[in-house]
Structure formats: structure tokens, C-alpha cells
Ligand SMILES: [Zn+2]
């Protein structure tokens, strides 16, 4: 059972956030105030005076950022709806105002989750059922999962995903060799047909491919983005140029590749109190045998950046070593460790995922966009660690009660 819906009882007060540094999704802009009205940002300026009846939030010299967008999560699709909603609740506490789910088992359950109106939940989009073949990742773990058995099934498969409400489509192109296994994988003919059919419905297509040969297949199939950096071998400058020519974006998922640092995250006193007990053990767990994954994924950051490839932050929560919301701060730290500037890392978690997943109403602090905002103490544009010191969060113009 869910608690009584609060949305109807909440009125959005016009709000002036003052004495802040404003990072607009790309850079720090010449402003120290942001005015919110209804669900929108209406003014970004210096020395604004508060309109009558306006709530004033003292920023204390902190930094206002667009709400974070985690471009790779898996929301719980088992248990009660309220248990699954706890993932969205925890994410919002950490300033993640939108999560992009990269595959689920029960789309009807996720569809219900997306319709919840409580103001303390982050917004959710989902790939729904992913395109894969029998015995492939992730179908080998499940008793039942719709799969493809040839190009002839692609049209009806995509039609079903459209009916279920998939916001974009994900194709699994993977033989599990990076984890020392051997599983069947989708053929080029079928992955190409899937991408074309999804595009014909206007859906964006991303690929899960953790080996370079499958990234090559993904590109040849015409996907728009990669849901992971591949990790079977190091990225080379030459292959970065191939990715650049293909026009794909890359969701890094450094947090899951550095899962053994999850326990450290769980012990950070700024994060610890906001982590739900139900996911603490998963965060402190880790995926085995990841030495080369860590090394290759981290080294890829600088090469991708130098090649001008759009980099998106994504945690792959809640896999072992990660959790909703908190792991976005780990991902940000890792992007900087890998060679992004602090501003580039913040862009990877705000403007870039909004732009590449076509969420045109968010991801920037500019008038007319959704008031999805995070206020942090300190200056993450000089020290990325400051994103963990969250003072306030707004989602759709509503300030999260703390
Ligand atoms: Zn994933």
C-alpha cells in the first residue's frame, strides 16, 4: 500500500533561491539568484528581489545545479509498488531528479511506478523489455522473458514494446565473455532490424555491448548510444574516432565497474544517513574480478572526451557496489578521476543525458525549463566531492521536505 498521495495537497510557492553560484548544466553563469514559479525556472539573474508572498531560500554561497539525471539504472520490478517506489525516493534525496531505467522484467509494474504522483519521488523513464535472444544476458537469469527468434519477429516485438510504454529501446549484444562465460548473442541481421524498427517508431536505441566486437556490431546496426563503455580491451584513439564518426553517446557506468568502492560510499557520513537499509548490503557488495574493467573504463574517459564523444553519467544501480542516488556522486567522482574537468563531469550528469535522451524540459538552469534543482554547499565546479553536501532538492518546482 502506498501512503496517501501528497501531490494534491502541495501548492508550489514561488521561490527565490539567493546567494548561490549557478552552474547551468554547462558552465557557471553570471547570476546569484534563481526564481521558481509553479513547476518552472522563470528567472536566472543577479540581485533579484523577492516578489510578494515568495519563499526565500538562503543559498549561503553554495552552488545550484540542475537535478542530476542517472542515465543507467534498473528500478526494482519485484515486490510491492511501495518497495519499488523507495528506489525513486532514495534517488531524489541524493539530488537525482530523473532516472533512466535500462531494462526491466515487468513493464506493467514499471508503468505503474511511472504514474506515481508523490512529490518525494524522482521522475522515471524506462527501456522496458530489452531486445535479446534465448540464453543471452539477461534472459538466462529469468524463467520467462520475451526474446527474438529471427528478423521476422522484430516488427511484432517492437510493437509490443511501444504498447507497453518503452521510452527508448535497448538491445543486448553480448556473449558474456567479459565475465568468463559463453552465451548466445543476437545476430547482426536481427540487431540491425531492431534498431531500424525502433527508429521507425521514433524510439532512441541504445546497446549493451561490453566487448569491442559487439560495440562494432552495435554501431553497424545503427544504435544511437552505448549503455556501457566496453571493457574487454582498452579503448584506442583510433576506435574513439570510429565512435565519433558513428555519432554515438556513451554512458560510462564507472560506478559499477568500481563496485568494490561501494562500501566506502556507504560509510561517507554525508551519504550514509540517506541510504535505505534495504539496499545497504548491495552497496557494500561488489562484482568479482573487475581489475581490468576498472582500468579500461577509467582510461577510456579521457580518450572519449578528447575525441569529442558525448559522455553520460550512469551508475547501473542497483547492481552490487551501487545504489540509487548515492552512486551518482561516485560516478561524478570517477569521471573526474578519469580526466573530465569538474564542469564536464557535471554536464555528463545533467545537460548531456537530457539532450541525448531528448528530455527537452530539463537538464539546464534556464528560464522555461522544469525546476529540477539541487543546492549543494561548497563549489563542485572546483571540487567534485562537494556534490555530496546536499542542502536542498527541488523536483518539478516542489522542494523536498527534509
Ligand atoms: Zn545495466
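Residue numbers (this note's numbering): 25 to 426. Virtual Cβ for every residue (Gly too), placed ideally from N, Cα, C. Source: prediction; values computed, not measured.
Check your understanding: Within 10 angstroms of its Cβ, does residue 347 collect 16 or more other Cβ (buried), or is it exposed?
Key -> buried
Exercise for review: Would you list, in sequence order, the uninterrupted alpha helix (DSSP H) runs of no fewer than 4 residues that lie entirely inside the region 106-177?
Suggested key: 131-139
Review point. Three or more beta-carbon pairs under 8 Å between the region 303-317 and the region 118-134, yes or no?
Key: no
**Study point:** Contacting residues, own chain, Cβ-Cβ under 7 Å from residue 175 (five flanking each side not counted)
**Key:** 213, 214, 217
Review point. Is residue 340 near ligand 1, with its Cβ less than 6 Å from a heavy atom?
Key: yes
Practice item. Return yes when the C-beta of residue 126 is under 6 Å from any heavy atom of ligand 1, and no when it is not. Key: yes
Check your understanding: When you compare each of 158, 156, 135 to residue 147 by their alpha carbons, which one comes out closest?
Key -> 135
Point to revise | Nearest-angstrom Cα separation, counted from residue 384 out to residue 413 | key: 28 Å
Review point. According to DSSP, is residue 61 helix, strand or coil?
Key: strand
Point to revise | Segment limits, beta strand (DSSP E) that includes residue 42 | key: 39-47
Point to revise | Close beta carbons around residue 343, own chain, < 6 Å, minus the five adjacent residues each side | key: 280
Exercise for review: Taking residue 421 as part of the beta strand (DSSP E), name the residues at either end of that continuous run.
Suggested key: Neither: residue 421 is in no beta strand (DSSP E) and is coded neither H nor E.
**Study point:** Continuous beta strand (DSSP E) assignments of at least 3 residues falling wholly in the region 163-245
**Key:** 193-196, 229-232
Check your understanding: residue 420 to residue 72, Cα distance in whole Å?
Key -> 21 Å
Exercise for review: Would you kindly work out how many angstroms separate the C-alpha atoms of residue 371 and residue 50, rounded to a whole number?
Suggested key: 6 Å
Review point. Are the beta-carbon atoms of residue 84 and residue 399 separated by less than 7 Å?
Key: no
**Study point:** Cross-strand partners of residue 416 (DSSP beta bridge)
**Key:** 399
Check your understanding: Which residues bound the beta strand (DSSP E) around residue 334?
Key -> Careful: residue 334 lies outside any beta strand (DSSP E) and carries neither H nor E.
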